[in-house]
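Residue numbers (this note's numbering): 45 to 153. Note sheet for the following structure.
Structure below.
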């Protein structure tokens, strides 16, 4: 990795599971286990003209080792058990050293 990992994550995916009422739920099947990752959180205070109350919006960005097979249908679970939906995957081209896989995340638990 081109950055220092801050945690390890499990990549969750697979077919949706059904709850006791027959409704689909997110899969908890582990696709890849113990992947080193760096997850950073940034915060931005946002206010609109219609609402003077400022709101803090949190953004999460993850970096995984180059070549990690991950897509938007999967989720990440970090070492603390926090779940993140993957909103966007960027696997940039690079000259020389392979670039890390960058994922935009949304914290769901």
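In this text, a Cβ means the ideal position worked out from N, Cα and C, and glycines have one as well. All of these numbers come straight from a predicted model, not from anything done at the bench.
With contacts defined as CB atoms closer than 8 Å, residue 110 and residue 142 qualify as a contacting pair. Assignment of beta-bridge partners to residue 90 by DSSP yields 99. If you draw a straight line from the Cα of residue 108 to the Cα of residue 76, it comes to about 12 Å. The beta carbons of residue 134 and residue 119 sit no closer together than 8 Å.
For residue 123, the three-state secondary structure derived from DSSP is coil.
Using a Cβ distance threshold of 8 Å, residue 96 and residue 89 do not count as a contacting pair.
Looking only at 137, 130, 64 and 105, the smallest Cα-Cα distance to residue 87 is reached by 105.
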